[in-house]
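Engineer:
Set out below in C-alpha cells:
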C-alpha cells in the first residue's frame, strides 16, 4: 500500500495543475506585454520577463511567440464572452432584459477597460498578415453576432432572421465605435450617454414596423 504524506498532493495531479497554471501565466504575461509594448515589443524575452520564467519554459508549452499570441487572443475573447454571458444569466428570464444585459455588458468591467484596448489593437494589427489570427477574429466576432441575433429574436420573435442578422451587425458596429471612443477619450461622452444611445438603437430595432 502506498504511503501518502498528509498535505502533499499526488504527483500526477500536481504536474497537471502546474502545467495549466504555467500556461495561463504565460498567456497573461503575453496580454500585458501586448498592452504595454505592442506587437513589435512582444518577444520571447519580454514575455518571459513579465512571467518571471525562462525562455525554455515558453517553448516547452508553446510553439513560439505566434502560437502564444494566438492562445492569448482566444483567452481574451473567451473571458469577454464569459463576462457577457454572466450578465445575461443574471438578467433573469425576460428576453428583453437579457438582450439589454448583453448589450450593456460591453460598457462594464471587465469588458470596458482602457488597458484591454491596447491588447485588442495588437490583435487587430495582425489580422491581415496572420491567417490564424484572422480565423480567430472571424470566429470571435461571428460568435458574438450570432449570440446577439438569438437574443434579438427571443426579445422580438416577429423579426425575420435576415433582419436580425443585419440588426446584430449594426448594433455590434455601434458598440465597437462607442467602446473604442470611450477607451481612447472618455471626455467625449459618458458611459451613461453611450448606454442611452445604445438603448435607443435597441428599442428602434425591436419596435420597427415590418411588412409581412
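In the UniProt record's numbering, the protein residues as written are 1 to 212. Glycine included, every Cβ here is placed at the ideal spot set by N, Cα and C. Here the structure is a predicted model, which is why all the values come from computation and not from measurement.
#1: In terms of residue numbering, what span does the alpha helix (DSSP H) encompassing residue 123 cover?
#2: By the three-class DSSP mapping on this structure, what secondary structure does residue 194 have?
#3: Taking the continuous alpha helix (DSSP H) assigned at residue 39, which residues delimit it?
#4: Assess contact between the stretch 164-179 and the stretch 92-109, defined as three or more Cβ pairs (one per stretch) separated by less than 8 Å. Is contact present?
#5: Considering residue 162, what are the terminal residues of the alpha helix (DSSP H) in which it resides?
#6: Using the three-state DSSP reduction, which class does residue 157 fall into: helix, strand or coil?
#7: Given this structure, state the Cα-to-Cα distance separating residue 95 from residue 207, to the nearest angstrom.
#8: Residue 111 and residue 84 look like a contact to me (Cβ under 8 Å); what is the Cβ gap, rounded to whole Å?
#9: Using the three-state DSSP reduction, which class does residue 107 fall into: helix, strand or coil?
#10: Near residue 71, which residues of its chain fall below 7 Å by C-beta distance, leaving aside the five closest residues on each side in sequence?
#11: Can you tell me where the alpha helix (DSSP H) holding residue 92 begins and where it ends?
#12: Out of curiosity, what's the CA-to-CA distance linking residue 209 and residue 31?
#13: Run the CB neighbour count on residue 126, radius 10 Å, all protein chains shown included, and call it buried at 16 or more, exposed below.
#14: Taking the straight line between their C-alpha atoms, what separation do you get for residue 187 and residue 99?
Structural biologist: Let me spell this out:
#1: 114-125
#2: helix
#3: Premise fails: residue 39 is in no alpha helix (DSSP H) and is neither H nor E.
#4: yes
#5: 161-184
#6: coil
#7: 14 Å
#8: 7 Å
#9: helix
#10: 27, 62
#11: Unbroken run through residue 92: none, as it is neither H nor E.
#12: 45 Å
#13: buried
#14: 27 Å
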